[in-house]
Amino acid sequence: MTLSEGSLMRRAPFLVEDPMERLKARRDFLKAARGRKWAAPGLVLQARERTLAQAEPLADARVGFTVTKKVGKAHIRNRAKRRLRSVASDVLALAARPGYDYVLIGRAGTISRSYPDLTKDLETALAKVHAQKTRADTNKRRQASQKQG
Numbered sequence: 042m043t044l045s046e047g048s049l050m051r052r053a054p055f056l057v058e059d060p061m062e063r064l065k066a067r068r069d070f071l072k073a074a075r076g077r078k079w080a081a082p083g084l085v086l087q088a089r090e091r092t093l094a095q096a097e098p099l100a101d102a103r104v105g106f107t108v109t110k111k112v113g114k115a116h117i118r119n120r121a122k123r124r125l126r127s128v129a130s131d132v133l134a135l136a137a138r139p140g141y142d143y144v145l146i147g148r149a150g151t152i153s154r155s156y157p158d159l160t161k162d163l164e165t166a167l168a169k170v171h172a173q174k175t176r177a178d179t180n181k182r183r184q185a186s187q188k189q190g
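Start counting the sequence shown at 42; every next residue gets the next number (my numbering).
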């Protein structure tokens, strides 16, 4: 790293590349909304596995952040998104599954909740979302048991 690159990083740390790709298009947020969900006091997590047509088999996970106007004015919503980005960089960097899209939705409690509690909320939500059975899985099992019996 040259001196100029180092000084640039000190002045603009937001230019450091984030390890996870971001969701930016509305259609990606809408697809994630059709996936699995879990609500915690500090956030709501939506997760959906991308199909092979949308991604390579072991593509990186992607993450998006949103906070509605119900939470507060712009500076409050931005603060909530900053907190969600920070928690996501700590938790999702280690626990996200490849090929999944995640959307973190801020709630009123996102601002007031302590950082360790917010981290625990996301860890719990991830575990619950990945443990949930989809309706398609349940229907397949039901059909298989009917054929056997």
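Don't be surprised by glycine CBs; every beta carbon is placed ideally from N, CA and C.
My output table needs one value for residue i: the three-state DSSP class, helix, strand or coil.
| i | result |
| --- | --- |
| lysine 111 | coil |
| arginine 77 | strand |
| arginine 67 | helix |
| arginine 91 | coil |
Spell out the partners DSSP gives residue i in its beta bridges.
| i | result |
| --- | --- |
| glycine 105 | Val144 |
| leucine 84 | Gly147 |
Are the beta-carbon atoms of residue i and residue j separated by less than 7 Å?
| i | j | result |
| --- | --- | --- |
| tyrosine 156 | valine 104 | no |
| glycine 76 | glycine 150 | no |
| alanine 121 | valine 108 | yes |
| leucine 167 | alanine 129 | no |
For residue i, count the other beta carbons within 10 Å of its own beta carbon; 16 or more makes it buried, fewer makes it exposed. Which is it?
| i | result |
| --- | --- |
| alanine 115 | exposed |
| arginine 68 | exposed |
| alanine 134 | exposed |
| glutamine 87 | buried |
| leucine 71 | exposed |
4-residue-minimum alpha helix (DSSP H) runs that sit fully inside the region 139-174, ordered along the chain: 150-153, 156-172
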